[in-house]
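Residues in the sequence shown are numbered consecutively from -13, following the numbering used here.
C-beta: ideal position from N, C-alpha, C; glycine also.
Since this is a predicted model, take the numbers as computed values, not measurements.
These notes are about the structure you will find just below.
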Amino acid sequence: MKTDCIFCKITEGKIPSVKIWEDSDFFAFLDINPVNYGHTLLIPKKHYERMEDTPEDILKKIFVKAKVLMEKVKNGTKADYITLSIVGLDVPHFHIHLIPRYFNDGLATFWPTKKYELKKDTEIAKKIIGK
Ligand SMILES: [Zn+2]
């Protein structure tokens, strides 16, 4: 628990939320600013700032929970599909967005994209791979 973390306060009930589901390790609740109604956030109860700070056993479990919740959110909202998102720049307590999507909801299906200049893709790949 991090005392100045809004999501830690939510898991402890110090800030109200509309709970969707919880167990001993995880908590799921409605985003107060939904992309579409039913937009759910799934978080570990223990505070980890970013995905890369989160232990592997928690990551394995949270993605299995996300899969189960995807079906519940999809069924409950009659969504056509669910988008999972880990934004990384919003609340610094690792969380997964589960966003109900509809084929005609008018939202982007993906981010705006770029084209690689000649050979830039292999340069970037080498930097990522570390060669
Ligand atoms: Zn927290």
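When the Cα atoms are used, what is the spatial distance from tyrosine 23 to lysine 58? 13 angstroms
Would you say aspartate 66 and arginine 87 are within 8 angstroms of each other, going by their C-beta atoms? yes
Does the region 98 to 107 come within contact of the region 6 to 20, defined as at least 3 CB pairs closer than 8 angstroms? no
Beta-carbon distances below 5 angstroms to any heavy atom of ligand 1 define the shell here; list its residues in chain order, please. Lys(-12), Cys(-9), Phe(-7), Cys(-6), His33, His79
Determine the closest residue to valine 50 out of Val73, Arg36, Phe12, Lys113, with distance taken between C-alpha atoms. Phe12
Based on Cα-Cα distance, which residue from Cys(-6), Gly74, Lys113 lies nearest to histidine 33? Cys(-6)
Sub-8 angstroms separation of isoleucine -8 and valine 77 beta-carbons: yes
Count the other C-beta atoms from every protein chain shown that fall within 10 angstroms of the C-beta of isoleucine 85, then say buried if there are 16 or more, exposed otherwise. buried
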